[in-house]
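Asker: Its first residue numbered 344, the sequence shown is counted upward by one per residue in the numbering used here.
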Amino acid sequence: MGLHALRRVGRCTGAAPSRVRHVDAVPGPPAGRTHAPVATRHPWGRRPRPAPPRTPRPRDVVGGGCATALGTAGVSGPEPPAGPPDVRHGDRRPRVFLVRHGQTPWSRVGRHTGRTDVPLTPTGEEQAVRAGEVLREVLPTGPSPLVLVSPRQRALRTAELAGLGSAEVSDDLRELDYGDYEGRTTADIRRELPGWSIWTHPAPHGESASQVTSRADRVLLRVRAVLPHRDVVLVGHGHLSRVLIARWLGLPFSTAAHFSMLTGGAAVLGVDRGTPQLQALNLGSWGR
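1. Return no unless some Cβ of chain C is closer than 8 Å to the Cβ of V472.
2. Return the chain-ordered list of same chain residues with a C-beta closer than 7 Å to the C-beta of R458, the five sequence neighbours on each side being excluded.
3. Does the region 500 to 514 touch the region 537 to 556, meaning 3 or more C-beta pairs lie closer than 8 Å?
4. Closest to V586 by CA distance: which of H572, Q620, F602 is it?
5. Using a Cβ-Cβ cutoff of less than 7 Å, which residues in the same chain neighbour L504 once the five nearest sequence positions on both sides are dropped?
6. Going straight from the alpha carbon of T543 to that of A552, what length do you get?
7. Output the boundary residues of the alpha helix (DSSP H) element that contains A556.
8. Going by DSSP, what residue range makes up the beta strand (DSSP E) through A599?
9. Would you identify the three-state DSSP class for V472, choosing helix, strand or coil?
10. Roughly how many whole angstroms lie between the Cα atoms of T501 and G579?
11. Go ahead and label A530 buried or exposed: buried means 16 or more other beta carbons lie within 10 angstroms of its beta carbon, across all protein chains shown.
12. Could you give the distance in angstroms between the alpha-carbon of D574 and the alpha-carbon of G581?
13. Quick check on the burial criterion: 16 or more other C-beta atoms within 10 angstroms. Buried or exposed for L564?
Below is the structure:
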């Protein structure tokens, strides 16, 4: 209906029109003229029915063993330890902070570093200092966190430079034992075994996936016992930290390939409404 037709509808007297499409465009009557009010109805002659309530769909979250976002449905693995209680300290929940040691001469070139006790490079020491600054920014005031650190000197030195005093050494936080692949790069190994990955292939004379998983679960069992009371900081290594993230989320060893822990970087694990979460990854990292 055009604008002129609408104006005629607005000026008419007597019976109301059967249908009005744009009532906002109808002007008032001229001065001194009265008429019956225009009946306004919905353009289709009846009120629309309210939409039926929508049933919420489960979100694609990584946690609680579902791992929809990673597409790991159907993967098998040992059940992780029971999740921590969803406890608040005032207006916050305690969290777990994972810190990877700073750069070493071997990590700089991608050599697998397990048993070998290499020191930090000058860059690695700078990264460790930066990691401490990041932790001081994100750690809340309150009870001092429990600090656990790997026995390797690269992790101990990182904890020291980060200002994490009173750290407790935990042998379960040591890096994976790569066996015969110690000191070798992935590219070098793949020249012999195309497609090789520490997440999908064994390391001869090294640790198996089940052995590493058991170690990570022991660490998390200790963490969950402390977490209702205070935060926890774990200073360790790249691959073991990735396994800890996977196990926190209820995922098997192989899915640790989906995460990254750069030297000097920090990850944050937490719980929201009973669901374990990865809340941050590689905070403060600027190296390999």
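No residue lacks a Cβ here, since even glycine has one placed at the ideal position from N, Cα and C. Here the structure is a predicted model, which means the values were calculated and not measured.
Answerer: The answer reads as follows:
1. Absent here is chain C; the protein component of the structure consists of one chain.
2. Residue 458 sits at position 115 when you count from the first residue of the sequence shown. Correct list, in chain order: D520, E525.
3. Segments in contact, no.
4. Position 243 of the sequence shown holds residue 586. It is F602 whose Cα lies nearest to the Cα of V586.
5. By one-based count along the sequence shown, residue 504 stands at place 161. Excluding sequence neighbours, L504 sits near E468, A471, V472, G475.
6. As a working mapping, residue 543 is identified with position 200 in the sequence shown. As a working mapping, residue 552 is identified with position 209 in the sequence shown. Cα to Cα, the separation comes out at about 9 Å.
7. Numbered from its first residue, the sequence shown carries residue 556 at position 213. Before going on, a small fix: residue 556 reads as Thr here, not Ala. 552 to 569 is the span of the alpha helix (DSSP H), which, as asked, contains T556.
8. By 1-based counting over the sequence shown, the position of residue 599 is 256. Premise fails: A599 is in no beta strand (DSSP E) and is neither H nor E.
9. One-based indexing of the sequence shown puts residue 472 at position 129. Under the three-state reduction of DSSP, V472 is assigned to helix.
10. The residue labelled residue 501 in the question sits at position 158 within the sequence shown. The residue labelled residue 579 in the question sits at position 236 within the sequence shown. Pairing T501 with G579, the inter-Cα distance amounts to about 9 Å.
11. Residue numbering aside, residue 530 sits at position 187 when the sequence shown is read from its first letter. A530 should be labelled exposed.
12. Residue mapping note: residue 574 aligns to position 231 of the sequence shown, counting from 1. Residue mapping note: residue 581 aligns to position 238 of the sequence shown, counting from 1. If you take the alpha carbons of D574 and G581, they lie about 21 Å apart.
13. As a first step, residue 564 is located in the sequence shown; it is residue number 221 there, counting from the start. Taking a 10 Å sphere around the C-beta of L564, we find fewer than 16 other C-beta atoms and assign the residue as exposed.
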